[in-house]
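Residue numbers (this note's numbering), protein chains in the order written: chain A, -4 to 286; chain B, 9 to 573; chain C, 619 to 934. Take a look at the structure set out below.
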Amino acid sequence: MSTAALQIVHPAPAHAAWLRFRRHRLALAGAITILALALGSAFGPYLLPFDNTHIDILNRFTPPLLGAHILGTDELGRDVLARLMMGGRVSLSIGVIAMVIAMAVGIVVGAFAGFYGGVVGAVLMRLVDALLCFPTIFLLLALAALTDPDLVTTTVLIAATGWMGVARVVEAQVRSLREREFAIAAVAFGSSNLRIMFRELVPNAIAPIVVAATLNVARAILLESYVSYLGYGIQPPAASWGNMLNNAQIYLTSAPWLAIAPGLAITLAVTSFNFLGDGLRDALDPRMNIP
Amino acid sequence: MSHEGAKRSIPPLADVALGFPTRRQFIQGSASAAAGWTFSSSAFAQAERPTNPPDKPRGQVIAALSQEPTVFHPLMAGIEVDQAVWWQVFSPLWFIDPDGNFVPDLAREVPTIENGGLSADGLTWKIKLRSDVKWQDGTPFTAEDVKFSLELINNPDFRVRNRVGHGLVKDIKVVAPDEIHWRMEQPYSPYMSILSLTFIVPKHILEKVSDPNASPFHNAPIGTGPFRWGERVPGDHILLNAHTGYHGKGPYVERVVFKYIPDLTVLYTQFRTGQVDYTGLQGILPNFVQEAKTLKGRKIYVSSTSSVEHIAPNLEFGPFADRAVREALYFAINKQAIIDTLNYGLPTLTESFVPQQAWSFQQGLPQHKYDPAKANALLDVAGWMRGSGGVREKGGVKLEFTNSTTSGNAVREQTQQLLIQDWRAIGAAMRVNNMPAAVIWGDYWAQSKFNSVLVSVNFMLGSDPDVTPRFGSGAIPAKGGRGNNTYQYQSAEVDRLLAQGTKQFDLAQRKTTYGDLQKLIRNDLAILPLFQGFIAEGVKEGLQGFRSNINTSTNCWNIREWYWA
Amino acid sequence: MARYLANRLAQAILLLVIVSAVGFAILHLAPGGPLSQYAASAQMTQDDLDRVTRQLGLDRPLPIQYLDWFGRMLKGDWGRSYRDGDAVLSVISSHLGATLELMASATIIAVLLGCWIGVLGALRRYSVFDTLATVGAMIALSIPTFWFGLIAIYVFSVKLGWLPGGNRETVGDGSLLDLLHHLIAPALVLALVETAIWGRFMRSSMLEVINQDYIRTARAKGMPESRILTVHALRNALLPMITVAGLQFPTLLGGALVAETVFTWPGMGRLFLDSIGYRDYPVVMGILMFSATMVLIGSLLADILYAVVDPRIRVR
C-alpha cells in the first residue's frame, strides 16, 4: 500500500508531461508569447534603427503607425517600440529572477517549518507572520529607502516581499502531507528528513507551488511598476515597462498609446506566465488526468 | 516639486520644501523704512467686475488642492497648502494686494512714518486696530489678541513656524483695546511683510489651553476671517461656512469646500467634468493647459510665481568647483526646448534669482545662449580633455556627476533626460539619481550631499532680496553655518554686498547693491537658472473675483471676494 | 485547546513586539525625516528646524525614543500626528470607516463571485465558461491596478459621465444612493484582482478535492453527484480557502491603498501613503500596529478554524 501510494504521487515521466502540456492550448500560447517577448526584448533593439534613449524633442508624441516609428514616440520623442523592447529586458528579468528567489526561499522555509513543526515551525512561521504583517508597500518603501535603486536591488526588493506567501502555502501543504500514509511510510523506510522533505513532500505539493509561482511572476512584474510608481525602481533614462506606464499616466488622454503599449506588454507577459503555470500544473500532476 | 510635476500623492512633500510656488511678498519699497513704508492705506485695488456681488452669501465653491491641509493653527509649522485655510479663517493685521500695496485688515491703517505708526528710526511701532471686529464666537477682537499672538510666537514651548523678525519685538504694550505698541531690538524692514502673513489668534481661547501644541482649537479653529470652521473629513475635505459678521468685504458664498485630490491628473479630470470649481495648489499640469483653455465654461489663469527653477550645483563637488565647467554646462543647455516644449511655453526665461516683478530685479543681466560649440571650446581651453567614452577629464577628475530631483515629477524627469543628451554632446556625463521628497530634502540637500539638483527655489526673504541665507558664506549647513546655502557658494565680494544691503535704508541704494549682487551671482553661475516659476489655475466660468496674487502664498487669498455671477 | 490558544496568543503578542521594533527601526533609520518638508523652505531656518526636532523629541537616541513610544502605547497613548496634531488613534479611526467600506464591499463581491466562478470552472473543466473565466482571471491579475483605475475613470467618468471620478461622497448630499454611486468604481476595481485570486484558488482547491480518493470512492458507491459535491467536495475545497482568506488581508489592504489613491478615497491606505511620504512616524507606527494586529487575529482565527474543521491537523 505505502509503496503504491508513493508511486502514484510521483511526478509523471517527462514525455507524458509534455504530451499533457501540449494539449493545454492556452499554456502553449502563453509559452510562445513569453518566448516571443523574450526574444523580441533580447534581439529586437538590434534590428531597430532607433536608440531607445535618443531624444528627438521636435517629434514628441508622434502617434503610432505614422512614419518610421511603428509604435509612435513618447514625451521626449523617443521611439516607443525601442523603449518597449529595452523595458522588456528589465521587466522580464526582474519578474522571473524575483520569482525564482522568492520561490526558493519560500519553499525551503515552508518545507522546514511544515516538516519539523514544533519550535522550528513556530519560529519560522511567526517570522513569516511578522513579515506578512507589514503591508507590501511598507516593506518596499522601507527597504527601497535603504538601498540605491537599480536593477539588482529592485529585483531583490520585490523577491524579499514575495516569499512569505509561498512559505505559508508550502508549510500548510507539507504539514498536512506529512501526516499522510506515504510520508509515514517514508519515515518507516528510513529515508533522511531532507530527502523526505524535498523528494517526497515538496513534489507532492507541486500543484499549489506552481500556482503560487505563476502568481508570483505576475506579482513581481506588477510590483516593478508599483515600485516605479512609488518613486524608486529603475531610474531614467533607462526604460522599464513600469516606469513607461508610470510616465504615460499624465498623457493618458492626449497620447493614450504611451500607456497602452507598456500596459498591454505587462498584461500580456503576466497573463502568459499565468497560463504557462496553469499548463505546467496540469502537466506535472498526473492525477488531473483522471476524468 | 513645483506645480507642474508631482502627479500623485506618493511624494507629497514634493511641492512643499523648495520651489513650491511661494508667491511671497516682494512689494515695492517695503525694503526700506524710509521709502518703503509710505504706502497709502487706501490702496484698495479691486478687480474689475462685470457684475455685482450678491447681498447675501449664495452658493458654494469647491476648491481642489493636491495636498491636504492639516495644520490649522496659523502660527504653527505648516506648509504652503495650509495657508489656503488660514486665509479664510483668520486675518492678518494687513495684507499685500496683487499690485504690491499694503492693505489694512485688522489694523485700522498700515503704520508709516508719515502717519506716526513708525518712528523715524524704525524701532517703535504703534498699531491702531479696528474696534468693530469680532471673533467668530462673538467675542470682541482687541489689542490683547495681537499681544497674545506675538508672545505665543516667542513662547519657547510652542512649536512655532519661525521667529524671524518676531524675535526682535520687545516691550509689547496694549495702550487701548484698539491700540498696541512695541519696540524693535533693531530696525528690521522685512517685518512689515512678515506681519502681512502672520495671522492673529484668539487669546480668550488659547490662553486656557494647557499644551499650546495640541488643543481642540487645532482641529476646530476660531478666527476673525470671512469663513467659519465647518467640518473636516480627514483625507477628504474641509468645509467652511460664511462668517456673516466678517469685518471686511464679503464673503459672498455660503460655503467653501477644500477638496483634497492628490493625483493631479484626477484633479484636472474633476475640474473638466465640473465637480470642482477651482483648481488651487498645484493647479493644472502644463500638458493639460492648452486643452483646458478650450474647455467651455472654464477659465484658465497662468501666473508667475516667485520661485526660480534652476540647476543647483554643489560647488564643492569636483568638476563644479571650476567656473569654466559651470559656464560650459550652462551654454550647452537647450533652454528653449525645456521652456517651449516640456513646459508648453508657460514659464519665462530668467537669469536672476529675483522674480522679475520685484523692485529689486536687475535688468540686463547677460543672456543665456544655447551654444554647444562655445561650451566645447570653453572646456578645451580650461583643460578638460575628452577621455574614454567621450567623457572629459582633467587631472584625473572625470566630468561626470549625478543630478537629483523629487521622483515622480514628470516634467523634471524629462528635463533631466534632455540635459543628459545636451551635456553628453560636450563630453559631460550626467546620471539621474532621483529620490522621494522626504529623502532628497533631508540631509541629502541640507548637508550638500548631492552633486547637482534640479529644483525650484523662492530666494526672497519675505519681500526682501536679502539672500544671506542662500548665498552668504556663513550660511552653509554642511560647514556648520546657519542657513540654506546648500550650494556652498562663497564669495567675499558677495558677503560684503549682503552685509551692505541690510544696513541700507535708501531704496535706490539698495537697488544698486542687490543689482550688483545679481550680476555677481550670474557671473559666477552659483546657480544655473532655467526659468521663473509659474502656476496654471482653472476657475469655473461664472465664478467671479479670482485674482492671482504673487505677494501672498496662495491664490486662495481672497475667496471672501469670490461670488457666483 | 486552551493551552494551544494561550500559546498562540503569547506568540502573537511577542510577534507584535517584534513587528513594532523592526518597523520602528526601519522607519527611523530610513533616510529623510518629518522635517524635510520644511527643511529647505525659506520660512524655516536651521535653528527653527533644530528647535522643532527637539520639541518632537527626535534628537534623542533611537532606543530611548522606541521605549518611550512603546511605554506610552501600552498605556493607550499612541502619540499625536506630526501633521495635524491629532491623537493617532483618532486619526486612524477617522479614516477607518472609508477603508472598511471599500474593503468589505470588494471582499463580498470577490468571495461570492470568485467562489462561484471557481467551483463552476472546476466542475465544467475546459468548458467555454471555464476557459473564459480562466482567461478573464489571468487578465484581471495582470493589469496594474492603478492603470486600470485611471482607465475606468477616463471611460466611465470623463467619456461617458456615468460615475463620479472619485471621492466617497458629494459634499452636502449624504444620501445612500450618492454613497453607492461613489462606491461602485473603486469597489469593482479593488474586487477585480480579489475575485481573480479567489476564483483561481477555489478552482484549484475544488479540482484537488474532486480527484481525491474519497470522492472517487463516494462516486463508486453510487452517491448522487449533487450530494458528493455539497457534502464532500465543496466542504473540503473550502478548507484551504480559510488560509487564503487569512493571507488576503494584507493584499487587500495594499490593493485598497492603490484604489484609494486613484479614486481619491479618504481611507487608511492613502493616509498610510501620505504619512510615509511625510514621515509622520506616530501615524505610520499606529497604522502598522493596527494592521499587524488585524493580520494576526486573522491568521490566528484561520489556524483555529482550520484545526477545528480538518481533524488531520493535530493541535499540539
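Beta carbons: idealized from backbone N, C-alpha and C, even for Gly.
Report task. Kindly indicate the opening and closing residues of the alpha helix (DSSP H) around residue 462 of chain B. Result -> Per DSSP, residue 462 of chain B belongs to no alpha helix (DSSP H); it is in the beta strand (DSSP E), 460 to 465.
**Report entry** Which listed residue (B/248, B/254 and B/216) has its alpha carbon closest to that of residue 232 of chain B
**Finding:** Relative to the Cα of residue 232 of chain B, the nearest Cα in the group B/248, B/254 and B/216 belongs to B/254.
Report task. Anything in the segment 414 to 429 of chain B with a Cβ closer than 7 angstroms to a Cβ of chain A? List those residues in chain order, please. Result -> Cβ contacts with chain A: 415, 416, 418, 421, 422, 424, 425, 426, 428 and 429.
**Report entry** Cutoff 7 angstroms; reference residue 524 of chain B; Cβ partners in own chain excluding five residues on either side
**Finding:** Within the same chain, and ignoring the five residues on either side of residue 524 of chain B in sequence, the residues whose Cβ sits closer than 7 angstroms to its Cβ are 505.
Query raised in the report: Can you give the Cα-Cα distance for residue 24 of chain A and residue 814 of chain C, rounded to whole angstroms?
Result: In a straight line, the C-alpha of residue 24 of chain A is about 20 angstroms away from that of residue 814 of chain C.
Query raised in the report: Quick check: the segment 223 to 241 of chain A against the segment 433 to 446 of chain B, are there 3 or more CB pairs under 8 angstroms?
Result: A contact exists between the segment 223 to 241 of chain A and the segment 433 to 446 of chain B.
Query raised in the report: Mind checking residue 393 of chain B: buried by the 16 CB within 10 Å criterion, or exposed?
Result: That one is exposed.
Query raised in the report: Exposed or buried, what is residue 273 of chain B when buried is set at 16 or more other beta-carbons lying within 10 Å of its beta-carbon?
Result: By the neighbour-count criterion, in which 16 or more other beta carbons inside 10 Å mark a residue as buried, residue 273 of chain B falls on the buried side.
**Report entry** residue 698 of chain C: first and last residue of the uninterrupted alpha helix (DSSP H) it sits in
**Finding:** In this chain, residue 698 of chain C is not harboured by any alpha helix (DSSP H), its DSSP state being neither H nor E.
Query raised in the report: For residue 47 of chain A, does the count of other Cβ atoms within 10 angstroms reach 16, so buried, or fall short, so exposed?
Result: With 16 or more Cβ atoms within 10 Å of its Cβ, residue 47 of chain A is classed as buried.
Report task. Give the straight-line distance between the Cα atoms of residue 61 of chain A and residue 90 of chain A, rounded to the nearest whole angstrom. Result -> C-alpha of residue 61 of chain A to C-alpha of residue 90 of chain A: approximately 32 angstroms in a straight line.
Query raised in the report: Taking Cβ-Cβ distances below 9 angstroms as the criterion, which residues of the segment 276 to 296 of chain B are in contact with chain C?
Result: Among the residues of the segment 276 to 296 of chain B, those with a Cβ less than 9 angstroms away from any Cβ of chain C are 277, 278, 280, 281 and 283, in the order of the chain.
Requested in this report: Could you work out which residue in A/163, A/206 and A/75 is closest to residue 109 of chain A when comparing CA atoms only?
Outcome: The candidate whose alpha carbon is nearest that of residue 109 of chain A is A/163.
Report task. Could you name the residues that DSSP lists as bridge partners for residue 545 of chain B? Result -> Answer is B/309.
Query raised in the report: DSSP beta-bridge partners for residue 245 of chain B?
Result: Note: residue 245 of chain B sits in a beta bridge opposite B/241 and B/267.
Report task. Could you tell me if residue 866 of chain C is buried or exposed, where buried requires 16 or more neighbouring beta carbons within 10 angstroms of its beta carbon? Result -> Burial call: buried.
Query - Proximity below 8 angstroms, CB of residue 101 of chain B to CB of residue 208 of chain B - result: Against a cut-off of 8 angstroms, the Cβ pair of residue 208 of chain B and residue 101 of chain B comes out as a contact.
Query raised in the report: By the criterion of Cβ-Cβ separation under 7 angstroms, what are the contact partners of residue 345 of chain B in chain A?
Result: What residue 345 of chain B touches in chain A: 52.
Requested in this report: Below 8 angstroms on the Cβ atoms is my guess for residue 436 of chain B versus residue 337 of chain B; work out the distance and round it to an integer in Å.
Outcome: Between residue 436 of chain B and residue 337 of chain B, the beta carbon gap of about 6 angstroms places them in contact (Cβ cut-off 8 angstroms).
Query raised in the report: Does the segment 245 to 252 of chain A come within contact of the segment 114 to 131 of chain A, defined as at least 3 CB pairs closer than 8 angstroms?
Result: No: the two stretches stay apart, fewer than three of their Cβ pairs being nearer than 8 angstroms.
Requested in this report: Under 6 angstroms Cβ to Cβ from residue 177 of chain B, same chain only, skipping five residues before and after it: list those, please.
Outcome: Sequence-distant Cβ neighbours of residue 177 of chain B in its own chain, meaning closer than 6 angstroms and more than five residues away, are 158 and 190.
Query raised in the report: Of the residues B/80, B/445, B/555 and B/430, which one's Cα is nearest the Cα of residue 247 of chain B?
Result: Here the closest residue by C-alpha is B/80.
Query raised in the report: Using CA coordinates, which residue listed in C/670, C/622, C/902 and C/919 is at the minimum distance from residue 163 of chain B?
Result: Of the listed residues, the one whose Cα sits closest to residue 163 of chain B is C/670.
Requested in this report: Any chance you could list the beta strand (DSSP E) runs of at least 3 consecutive residues sitting entirely within the segment 345 to 409 of chain B, in chain order?
Outcome: Segments of the beta strand (DSSP E) lying fully in the segment 345 to 409 of chain B: 400 to 402.
Requested in this report: Let me know the secondary structure DSSP gives residue 342 of chain B once reduced to three states.
Outcome: In this structure, residue 342 of chain B counts as coil in the three-state DSSP scheme.
**Report entry** Interfacial residues, the segment 36 to 70 of chain A to chain C, with Cβ spacing under 8 angstroms
**Finding:** Here the close residues number zero.
Query - Proximal chain B residues relative to residue 247 of chain A, where beta-carbon distance stays under 9 angstroms - result: Simply 273.
**Report entry** Coarse secondary structure for residue 74 of chain A, derived from DSSP in three states
**Finding:** Under the three-state reduction of DSSP, residue 74 of chain A is assigned to strand.
Requested in this report: Spell out whether any CB of chain A is found under 8 angstroms from the CB atom of residue 765 of chain C.
Outcome: Closer than 8 angstroms to the CB of residue 765 of chain C there is at least one CB belonging to chain A.
Query raised in the report: Is residue 886 of chain C closer than 8 angstroms to residue 905 of chain C when the C-beta atoms are compared?
Result: Pairing residue 905 of chain C with residue 886 of chain C gives a Cβ-Cβ distance under 8 angstroms.
**Report entry** Nearest residue (CA-CA) to residue 333 of chain B, options B/377, B/389, B/366 and B/497
**Finding:** Of the listed residues, the one whose Cα sits closest to residue 333 of chain B is B/389.
Query raised in the report: Would you say residue 441 of chain B faces chain A, with C-beta separation under 8 angstroms as the test?
Result: Yes, because at least one Cβ of chain A sits closer than 8 angstroms to the Cβ of residue 441 of chain B.
Query raised in the report: Using the C-alpha atoms, what's the distance from residue 75 of chain B back to residue 239 of chain A?
Result: Put simply, the backbone Cα of residue 239 of chain A is about 25 angstroms away from that of residue 75 of chain B.
Query raised in the report: To which residues of the same chain is residue 510 of chain B closer than 8 angstroms at the C-beta, ignoring the five residues directly before and after it?
Result: Once the five neighbours on either side are set aside, the close Cβ partners of residue 510 of chain B are 474 and 476.
Query raised in the report: How many whole angstroms separate the CB atoms of residue 106 of chain A and residue 196 of chain A, which I take to be in contact at a CB cut-off of 8 angstroms?
Result: With a contact defined as Cβ atoms closer than 8 angstroms, residue 106 of chain A and residue 196 of chain A qualify at about 7 angstroms.
Query raised in the report: Along the chain, where does the beta strand (DSSP E) that runs through residue 302 of chain B open and close?
Result: Per DSSP, residue 302 of chain B belongs to no beta strand (DSSP E) and is neither H nor E.
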